[in-house]
Amino acid sequence: MAARRRPVRTVRAGAEPDGWATMTRPVYVHDLDALAGQARAIRAALPQPVELLYAVKANPDAGVLRTLAPIVDGFEAASRGELRRLAEVLPGRAPAAYAGPGKTDADLAAALAAGVHRIHVESPSELARLGALATAAGRSAQVLLRVNLPVDAPGASLVMGGGPSPFGMDPADAVACARRPPAGIDVRGIHAHLASGLDAPLAATVAAAVVGWAAVEVDAAEVDVGGGMTVDYTDPDARFDWEGYGQALADVLDRHPGVRLRIEPGRSVTAYCGAYLTEVVDVKRSYGEWFVVVAGGTHHLRTPAAKGHAQPFTVHQRHGAGGPRTDGGPVTVVGQLCTPKDVLSRSATAGPIGVGDVLAFAMAGAYAWNISHRDFLLHEPPHFRTGDLRKVAAEWAARPLGT
């Protein structure tokens with residue numbers, strides 16, 4: 001089925017504001033007030049017993065972490081680098097969870113040293129190594145066993161479980177580990193992140209299946225059902241149904257009283273609170289198609305290349321800009337890389353776009369700069385700012401061309 005196309009909005013620049021620093025390259029903007037509002041709304045939609053962890057991998061920006069710290073119940077890290085980032089930004093606050101495949105002994109030792117509340121274990125051999133390290137350190141490691149359950153997730157954008165997978169243990173292995181853990185291990189329950197891109201009804205169905213299995217098969221006191229809540233890049237105004245999901249989780253807890261339930265959203269928390277702003281450097285027509293060339297590209301914002309979508313954007317027109325301008329028809333927005341794969345948005349419906357106009361790419365607050373191949377061609381990195389996304393874009397567009 002063809003992807004939906006949304007018209008790209010065009011905003012005309014107004015009077016030049018005071019206090020705007022000259023920008024010479026693209027800029028990421030994080031709206032931390034909007035982020036706090038989003039996180040509070042999620043927290044309010046969840047039943048109180050459900051613990052809300054933020055998956056740091058989605059966006060490890062220091063301002064993002066500090067904004068979320070008083071709202072979420074904890075943070076999930078998936079590398080020693082993320083453990084270090086949390087220690088630097090939020091000293092004295094131990095991560096709630098440490099996860100990820102392929103943990104080395106050094107990774108496990110770092111998690112123990114950081115005082116991580118729950119280590120998510122991926123395999124029986126990883127559990128044995130962790131037990132030996134914990135015993136040598138004279139302590140007990142509190143763990144959740146990651147299980148790969150055969151749960152169907154039709155419509156998911158990314159599947160990590162339900163069949164052969166490098167993630168987690170087969171159910172029989174998880175049961176065996178829970179019943180006969182090695183020395184140094186305290187098995188607290190089950191972790192299962194089986195898919196991403198789930199709408200609320202499907203996410204609730206998966207959560208119910210995981211909790212039900214964990215309660216029956218291992219008598220789990222704690223269950224972490226991961227994240228994976230859908231974010232629709234074709235419809236920037238759409239949102240995951242947190243209220244419906246929260247009610248469904250309340251029903252799950254009613255059926256399994258006493259279970260301590262956690263979720264780990266990432267993208268659905270921060271995606272809407274970030275934007276990537278850049279300036280048009282060239283406009284050209286090739287074999288009847290318009291191409292808009294911008295400063296930067298997918299080495300700054302890899303999300304559309306990684307997800308295979310057209311990144312939504314708003315056009316902020318620059319007064320006094322000369323040079324070529326598109327005719328208002330569909331355009332393909334590309335960056336500065338020497339590859340035809342450097343496409344930010346393909347066949348986007350937009351008004352006229354000219355050199356000097358500012359394009360504000362929305363939904364750039366998750367899996368954006370942090371997953372980008374930033375060293376390719378050794379271009380300059382983007383700037384970073386905080387503030388209202390629309391206001392910052394309008395301020396840039398109001399500057400004279402070339403400043």
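Take the sequence shown: its position 252, counted from the start at 1, is 252 in UniProt numbering, and no numbers get skipped.
Even glycine gets a Cβ: it sits at the ideal position worked out from N, Cα and C.
All of these numbers come straight from a predicted model, not from anything done at the bench.
Check	Outcome
Ile42: first and last residue of the uninterrupted alpha helix (DSSP H) it sits in	Leu32 to Ala45
CB contact flag (Ala364, Leu301, <9 Å)	yes
Contact under 9 Å by Cβ, Phe75 with Val50	no
Delimiting residues of the alpha helix (DSSP H) encompassing Leu202	Ala200 to Glu217
Proximity of Val29 and Gly387 at Cβ, strictly below 9 Å	yes
Leu52, DSSP secondary structure in three states	strand
Per-residue DSSP class, three states only, for Phe361	strand
Where Tyr245 sits in the DSSP three-state scheme	helix
Run of the beta strand (DSSP E) containing Gly74, from where it starts to where it stops	Gly74 to Ala77
Coarse secondary structure for Val392, derived from DSSP in three states	helix
Boundaries (first-last residue) of the beta strand (DSSP E) holding Gly189	Ile185 to His191
Chain-order list of residues whose beta-carbon lies under 7 Å from that of Gly356 (same chain, five-residue window excluded)	Glu279, Val280, Arg318, Ala321 and Leu401
Val223 in three-state terms, based on DSSP	strand
Per-residue DSSP class, three states only, for Ala174	helix
Thr22, DSSP secondary structure in three states	With a pLDDT of 46 at Thr22, under the threshold of 50, the modelled position of that residue is not reliable, and no figure is offered here.
Three-state class that DSSP yields for Phe376 in the structure shown	helix
Where Ile263 sits in the DSSP three-state scheme	strand
Tyr98 versus Ile42: straight-line alpha-carbon distance, rounded	22 Å
Length of the line joining the Cα atoms of Gly100 and Pro324	49 Å
9 Å Cβ cutoff met for Ser372 and Thr270	no
Beta-bridge partners of Gln142, as assigned by DSSP	Asp186
Burial state of Arg180 (16 or more Cβ within 10 Å)	exposed
Tyr28 in three-state terms, based on DSSP	strand
Cβ-based burial, Thr234 [other Cβ within 10 Å; buried from 16]	exposed
Alpha carbon of Thr22 to alpha carbon of Gly296, nearest angstrom	For Thr22, the pLDDT reaches just 46, beneath the cut-off of 50, and the residue's location in the model is therefore unreliable, although a value from the coordinates is still provided. Spanning the two alpha carbons is a distance of roughly 17 Å.
Pair within 9 Å by beta-carbon distance, Thr326 and Tyr367	no
Cβ-based burial, Ser268 [other Cβ within 10 Å; buried from 16]	buried
Rounded C-alpha distance that separates Ala398 from Leu389	15 Å
Buried/exposed call for Ala183, threshold 16 Cβ in 10 Å	exposed
Enclosing alpha helix (DSSP H) for residue 425 [first to last residue]	This structure gives no information on residue 425, because the portion of the chain shown stretches from 1 to 403.
Residues of its chain near Gly244, where Cβ-Cβ distance is below 8 Å and the 5 sequence neighbours each way are ignored	Ala200, Pro201 and Ala204
Cβ-based neighbour list, Leu253, same chain, cut-off 7 Å, excluding 5 preceding and 5 following	Pro47, Pro49, Val259 and Leu261
Contact the stretch 80-91 vs the stretch 124-131: 3+ CB pairs below 8 Å	no
Outcome for Tyr287 when other beta-carbon atoms lying within 10 angstroms are tallied against a minimum of 16	exposed
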